[in-house]
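S.K.: Heads up: the sequence shown is residues 571 to 854, going by the numbering used here.
Virtual Cβ for every residue (Gly too), placed ideally from N, Cα, C.
This one's a predicted model, so the numbers in the text were calculated from it and none came from an experiment.
Next up is a structure, given as structure tokens.
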Amino acid sequence: MRIGGIETGGTKFICGLADETGNVLEQTTIPTEDPETTLGKVADFFRENPIDAIGIAAFGPVDVHPQSPDYGMIGKTPKFAWQYVNLITELQKNLPVPIRLDTDVNAAALAESAAYGTENLAYVTVGTGLGAGAIVEGKLVHGLLHPEMGHIAIRRHPGDPFPGCCPYHADCLEGMASGTAMRARTGKSGKDLPADDDAWIYEADYLGQLAVTLLLTLSSEKIIFGGGVLQNDWLLPMIVEKAETQLNDYLLLPKPVGEIISKPALGTQSGLQGAFLLGRSLIE
Ligand code: ZN
């Protein structure tokens, strides 16, 4: 059994081929250009590496409901060329195999849930954008559309004058704490910003608020923080500290917040491994 996995992103598409246990046999990276060019190259990769099914971990917003006539279609996105492109129908023109698609963060949550052995987990990514996916009692959360936790309202840090950069809500969580917000606030990308810059205090405060919200709403056993901004190792312990302060011992947690808030067990591979799990579910 050979499973294809695709993780789509604003700068690159990662395509892989795995066996049924998730061992990666082949992997390639394709730059994100216009849909025709990029999806053409994806199809070429899988023609050279034939597969029985494909899983897609897609950037959102995207229709994730298999019974919907628009299943696989990307919604309003700043990546304008990709707006209203249906990833499933476009790929199936050249690759007549079953395809299952979910959001990139839900796919990553699925893979991390398997890796950590817990059925209640949230996966947060903080990069160019900010998003979160969740698995509750073993099931990925979809609901009406799919969760868009990056755009929740947050309480502003009193020292933070930054107006926010979300084109829809200005100072929502993504508008205040994404990598894009970090760059707009400081003029530097996260990797060039020293650990003692105040911007990290605000960043940890806002991500701590998200962790607390996840604990209070979904009661997640694990809250994973991944994505480019978390490559700075000092940030995760700061988020733990902020979340503990904000919770103020309200919840009778069976384990410390520092064990709940964690790094991805799969490093940067969570999305692609989640795509393989989505693909595998079609042929089990
Ligand atoms: Zn927003």
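Do Glu744 and the ligand ZN come close, with the Cβ less than 6 Å from some heavy atom?
M.R.: For the ligand ZN, at least one heavy atom lies less than 6 Å from the Cβ of Glu744.
S.K.: Are there any heavy atoms of the ligand ZN lying less than 6 Å away from the beta-carbon of Cys736, as far as the coordinates show?
M.R.: Flag set: Cβ of Cys736 near the ligand ZN.
S.K.: I need the DSSP call for Ala835, collapsed to helix, strand or coil.
M.R.: It is coil, neither helix nor strand.
S.K.: Comparing the CB of His739 with every heavy atom of the ligand ZN, is any distance shorter than 6 Å?
M.R.: Yes.
S.K.: Can you find the residues in the same chain that come closer than 6 Å, C-beta to C-beta, to Phe732, ignoring five residues on each side of it along the sequence?
M.R.: Arg755, listed in sequence order.
S.K.: Alpha carbon to alpha carbon, how far is Asp614 from Gly703? Give it in angstroms, no decimals.
M.R.: About 30 Å.
S.K.: Please report the Cβ distance between Gln511 and Ile576, rounded to the nearest whole angstrom; I am assuming they are in contact, meaning their Cβ atoms lie under 8 Å.
M.R.: The chain is shown from 571 up to 854; residue 511 falls before or after that span and cannot be answered.
S.K.: Inspect the CB distances between the segment 671 to 684 and the segment 765 to 779 and report whether three or more fall short of 8 Å.
M.R.: The segment 671 to 684 vs the segment 765 to 779: no contact.
S.K.: Between Gln662, Val667, Lys611, which has its C-alpha nearest Ile573's C-alpha?
M.R.: The residue with the shortest Cα to Cα distance from Ile573 is Val667.
S.K.: Report the three-state DSSP secondary structure of Val706 (helix, strand or coil).
M.R.: Looking at Val706 - three-state DSSP - the assignment turns out to be strand.
S.K.: Give the DSSP-derived three-state secondary structure of Ile853 in the structure shown.
M.R.: Residue state, collapsed to three classes: coil.
S.K.: Taking buried to mean at least 16 other C-beta atoms within 10 Å of its own C-beta, is Arg517 buried or exposed?
M.R.: Any answer about residue 517 is impossible in this case: the structure gives the chain only from 571 up to 854.
S.K.: Is His721 near the ligand ZN - that is, is its Cβ less than 6 Å away from at least one heavy atom of it?
M.R.: True, at least one ligand heavy atom lies under 6 Å from that Cβ.
S.K.: Figure out for me which residue from Thr688, Met752, Thr659, Pro605 has the closest Cα to the Cα of Thr581.
M.R.: Among Thr688, Met752, Thr659, Pro605, the Cα nearest to that of Thr581 is on Pro605.
S.K.: With 7 Å as the threshold, decide whether the Cβ of Thr698 is near any Cβ in chain C.
M.R.: Note that chain C does not occur in the displayed structure, where there is just one protein chain.
S.K.: Entirely within the segment 606 to 687 and at least 3 residues each: give me those beta strand (DSSP E) ranges in chain order.
M.R.: Correct list: 623 to 628, 669 to 673.
S.K.: Among residues of its own chain, excluding the 5 on either side of Gly797, which ones have a beta-carbon nearer than 7 Å to its beta-carbon?
M.R.: Taken in chain order, the residues that qualify are Thr695, Val696, Gly697.
S.K.: Please report the straight-line C-alpha distance between Gln816 and Lys758, rounded to a whole angstrom.
M.R.: Near 28 Å, if we compare the C-alpha coordinates of Lys758 and Gln816.
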